[in-house]
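Residues 166 to 460 (my numbering) are what the sequence shown spells out, left to right.
Heads up, the beta-carbon is just placed ideally off N, CA and C, and yes, glycines get one too.
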Amino acid sequence: MEASDIKKDHTKSLNLLSGLTGHKHVKLVHRGNAAILCALFITKKINPKPFVLIPDQGGWISFKTYPKMLGFDIRTVKTNRGVIDLIDLEKKAESGAAFIVTSFAGYFAEQPMKYISTICRRYGCLLIEDASGALGDAELCDGDYSDIIVGSFGKWKPINIEYGGFISVGKKEYFTEANEIFSTTNHYPEYSQLLSKLGSAKQNLLKMVDRAEKVKQELSNKFPDLKIIHRDLRGVNVIIRYLNNSEKDMVKAYCENNKFEFVECPNYIRLDEDAISIELKRNEIVEKRGDVNSS
166 MEASDIKKDH TKSLNLLSGL TGHKHVKLVH RGNAAILCAL FITKKINPKP FVLIPDQGGW
226 ISFKTYPKML GFDIRTVKTN RGVIDLIDLE KKAESGAAFI VTSFAGYFAE QPMKYISTIC
286 RRYGCLLIED ASGALGDAEL CDGDYSDIIV GSFGKWKPIN IEYGGFISVG KKEYFTEANE
346 IFSTTNHYPE YSQLLSKLGS AKQNLLKMVD RAEKVKQELS NKFPDLKIIH RDLRGVNVII
406 RYLNNSEKDM VKAYCENNKF EFVECPNYIR LDEDAISIEL KRNEIVEKRG DVNSS
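Quick look at the structure:
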């Protein structure tokens with residue numbers, strides 16, 4: 166491919182991401198974790214407060230480790246099984262240089278991003294949204310709410326090209342302030358694949374959310390005594406709480422019969438109690454098979 170064509174595809178990718186995030190300024194990076202590190206580097210440059218706020222569960226692994234690399238202390242915000250406790254956030258936001266949170270808690274429950282944004286802006290706390298699971302959503306991944314949006318294109322993510330990621334910001338000066346870090350994160354993906362995935366992001370996410378809803382409905386019918394965590398909130402995974410080994414085995418057998426991968430909890434990146442996370446985001450949607458095989 167000619168250099169001019171690569172440049173055009175690079176620009177197309179940035180424009181698509183800009184449209185999906187609502188942020189004018191976007192950069193591609195080589196990993197989602199690199200995007201998180203860049204976001205925290207920006208925070209360090211522009212906000213002198215000592216703390217980075219993170220959710221007590223339903224976050225991402227690097228939320229606990231990357232802030233410390235840049236000299237921040239961590240304060241944990243309480244959640245209702247991953248969904249942010251707005252009262253606790255209100256108490257802690259004033260001390261926060263930034264609050265970093267996933268659009269979908271553990272990929273299974275949407276966050277109240279509008280209200281989170283209102284609180285963070287009231288107290289001068291940057292809002293960093295990890296939208297790896299929500300790129301293309303009509304309500305989440307919204308630059309009107311989040312100061313910085315990051316995401317991964319890695320394995321098992323809704324936009325899956327197995328590597329790479331992005332960071333977007335509403336204010337160009339955020340990139341200018343932290344320009345030196347971006348030279349370490351240059352990324353040149355297979356643009357045809359990325360452009361195809363980004364072009365279908367909205368439709369694909371709608372299908373994933375719809376599939377999760379159908380799985381919730383089937384589980385409710387098959388196992389009415391089991392609790393689906395945040396049954397009424399949108400997500401792309403489904404989490405079932407179990408009270409004993411018999412219930413646990415029932416859910417695992419359901420997953421195995423339907424060829425659904427699963428993660429056992431407690432697990433910080435999902436739920437901090439005994440439960441099974443049905444990892445629907447790891448399963449490609451195959452139209453002819455249908456979303457759920459209940460055999």
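Legend entry - Beta-carbon proximity list for Ile226, same chain, < 8 Å, skipping 5 on both sides: Tyr433, Ile434
Inset, instruction - Taking only the alpha-carbon atoms, compute the straight-line gap between Leu370 and Gln382 and give it to the nearest angstrom. - result: 18 Å
Inset, instruction - Mind listing, in chain order, the continuous alpha helix (DSSP H) runs of no fewer than 4 residues lying wholly within the stretch 232–269? - result: 251–257
Legend entry - Range of the contiguous alpha helix (DSSP H) that encloses Lys372: 366–387
Legend entry - Ile405 beta carbon less than 9 Å from that of Ala377: no
Inset, instruction - Could you please give the first and the last residue of the uninterrupted alpha helix (DSSP H) stretch that includes Leu292? - result: Looking at the DSSP string, Leu292 is not in any alpha helix (DSSP H); the run it does join, the beta strand (DSSP E), is 291–295.
Inset, instruction - May I ask you to report which of helix, strand or coil DSSP gives Cys306? - result: coil
Inset, instruction - Please classify Asn351: is it buried, with 16 or more other beta-carbons within 10 angstroms of its beta-carbon, or exposed? - result: exposed
Inset, instruction - For Asp309, I'd like the list of residues in its chain whose CB is within less than 7 Å of its CB, leaving aside the five on either flank, ordered along the chain. - result: Gly187
Inset, instruction - Tell me Arg406's beta-bridge partners as DSSP assigns them. - result: Lys392, Ala440
Inset, instruction - Go through its chain and collect everything with a Cβ distance to Lys367's Cβ below 7 Å, but skip five positions before and after it. - result: Gly301
Inset, instruction - Can you tell me which of the three DSSP states Glu429 falls into? - result: strand
Inset, instruction - Within 10 angstroms of the Cβ of Met234, are there 16 or more other Cβ atoms? Answer buried if so, exposed if not. - result: exposed
Inset, instruction - Find out if the Cβ-Cβ distance for the pair Leu202, Ile346 is shorter than 9 Å. - result: yes
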